[in-house]
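Some notes on the structure that comes next.
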Amino acid sequence: MDAVETEGSARAAGPSGALSSPARDAAARAALRLVPRGGVVGLGSGRAVWRLCELIAAEIPRAARPRAVVASERTREVCERVGITVVELDGRERPQLAFDGADEVDPQLRLLKGAGGALLRERIVAAAAQRLVVVVESRKLVARLGQSFRLPVEIVRFGWPETLRRIGALLSAPALRTGEDGKPFVTDEGHYLVDGQIPPTSDPDRLADELRRVPGVCDHGLFLREAHVVFAGADDGSHRELRRAEGATASAPTYR
């Protein structure tokens with residue numbers, strides 16, 4: 001991978017139910033080292049982030065724990081369960097760091113996110129923070145975005161069939177996401193989600209720009225410049241640390 005990389009051991013102690021796996025524990029425990037004492041952090045969504053929440057509660061005394069701005073109602077529930085105080089993103093206090101997961105991470109630390117449906121709020125929380133720390137299992141590292149996951153696009157409900165038609169000019173086989181009951185999946189913000197395949201020859205920067213121009217699109221799952229460091233945990237309990245080189249951008253891959 002053309003990014004700054006270090007190796008390390010991050011063997012987690014005390015697995016916690018369904019949120020725990022060797023790879024997830026390794027990544028979350030590595031990220032735990034960066035969690036500030038006090039202050040405010042941003043927390044995205046997904047199992048790796050929820051596992052990090054459990055570790056924060058287990059390893060950091062209550063009086064020293066940071067408060068958290070959360071990107072999903074599920075993350076709010078996890079924080080309340082383990083004893084992390086949740087605060088609102090009110091514009092007065094900026095999160096020092098945001099911690100989030102990803103569905104895919106490419107060699108330039110560009111991310112594909114949104115399989116869990118919280119992509120719009122995750123974007124807002126990441127933008128508010130000074131830096132974004134990404135916590136993933138190593139299987140999420142891919143050569144090309146769209147290799148394993150379809151790209152989620154969050155859209156308003158009004159006129160959604162027309163919005164879906166327009167998205168079809170940019171993504172292959174786009175489809176409205178539905179729940180187990182067959183009804184449209186609804187995000188925490190009350191929007192619908194469309195999932196489509198990224199064409200193999202598509203340029204991520206151009207695709208991101210073109211999707212944003214589609215009337216009815218609120219956001220998409222391409223996070224191309226947000227990540228500053230990625231902790232990728234492996235099944236053997238080790239982790240890899242990937243950092244964006246200082247001053248580099250996703251469109252200019254100058255990773256050392």
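Anchor point for the sequence shown: position 169 equals 169 in the UniProt record's numbering, and the numbering is continuous, going up by one each time. By construction, the Cβ of each residue, glycine as well, lies at the ideal position given by its N, Cα and C atoms. Please read all numbers here as calculations on a predicted model, not as lab measurements.
Whole angstroms is fine: what's the gap from residue i's alpha carbon to residue j's?
{"i": "Arg51", "j": "Gly42", "result": "15 Å"}
{"i": "Glu5", "j": "His239", "result": "Model confidence at Glu5 stands at a pLDDT of 44, short of 50, so the residue's coordinates are unreliable; what they give is reported in the following sentence. Cα-Cα distance, rounded: 10 Å."}
{"i": "Cys53", "j": "Leu112", "result": "22 Å"}
{"i": "Ala10", "j": "Asp188", "result": "Low per-residue confidence applies at Ala10: pLDDT is 30, beneath 50, and the placement is therefore not dependable, though the value from the model is reported in the following sentence. Approximately 33 Å, taken between the alpha carbons."}
{"i": "Cys218", "j": "Ala68", "result": "24 Å"}
{"i": "Arg81", "j": "Gly190", "result": "25 Å"}
{"i": "Gly179", "j": "Arg157", "result": "16 Å"}
{"i": "Ile84", "j": "Arg62", "result": "8 Å"}
{"i": "Arg165", "j": "Gly159", "result": "10 Å"}
{"i": "Leu19", "j": "Ala234", "result": "15 Å"}
{"i": "Glu241", "j": "Glu73", "result": "29 Å"}
{"i": "Ser45", "j": "Glu210", "result": "26 Å"}
Going along the chain, which residues of its own chain have a beta-carbon closer than 6 Å to the beta-carbon of residue i, five neighbours each way excluded?
{"i": "Gly168", "result": "Pro174"}
{"i": "Asp236", "result": "none"}
{"i": "Ser251", "result": "At Ser251 the pLDDT is 40, less than 50, meaning the model places this residue with poor confidence; the figure from the coordinates comes in the next sentence. Answer for Ser251: Asp205, listed in chain order."}
In chain order, what residues of the same chain have a beta carbon less than 7 Å from the beta carbon of residue i, not counting five sequence neighbours either side?
{"i": "Val70", "result": "Leu43, Arg76, Cys79 and Val86"}
{"i": "Gly38", "result": "Ala64 and Pro66"}
{"i": "Arg150", "result": "Asp195, Gly196 and Gln197"}
{"i": "Glu93", "result": "Val40"}
{"i": "Val214", "result": "Thr163, Arg166 and Ile167"}
Between residue i and residue j, which are expected to be in contact by the criterion C-beta below 8 Å, what is the C-beta distance as a whole number of angstroms?
{"i": "Ala23", "j": "Ser138", "result": "6 Å"}
{"i": "Glu59", "j": "Leu34", "result": "About 13 Å separates the two Cβ atoms, so there is no contact after all."}
Per DSSP, residue i forms a beta bridge with which residues?
{"i": "Gly168", "result": "In the DSSP output, where bridge partners are listed per residue, Gly168 has none listed."}
{"i": "Asp219", "result": "Glu154"}
{"i": "Asp100", "result": "Val134"}
{"i": "Val195", "result": "One detail in the question is off: residue 195 reads as Asp in this sequence, not Val. DSSP output for Asp195 lists Pro152 and Ala175 as bridge partner(s)."}
{"i": "Pro184", "result": "Thr178"}
Less than 7 Å separating the beta-carbons of residue i and residue j?
{"i": "Val136", "j": "Val229", "result": "no"}
{"i": "Pro152", "j": "Leu119", "result": "yes"}
{"i": "Ile155", "j": "Val125", "result": "no"}
{"i": "Ala57", "j": "Ala28", "result": "no"}
{"i": "Ala102", "j": "Lys140", "result": "yes"}
{"i": "Leu176", "j": "Arg131", "result": "no"}
{"i": "Glu104", "j": "Leu55", "result": "no"}
{"i": "Phe231", "j": "Ala30", "result": "yes"}
{"i": "Ala128", "j": "Leu89", "result": "yes"}
Compare the C-beta of residue i with all C-beta atoms of chain C and state if any pair is closer than 7 Å.
{"i": "Leu176", "result": "Chain labels in this structure do not include chain C; a single protein chain is all it has."}
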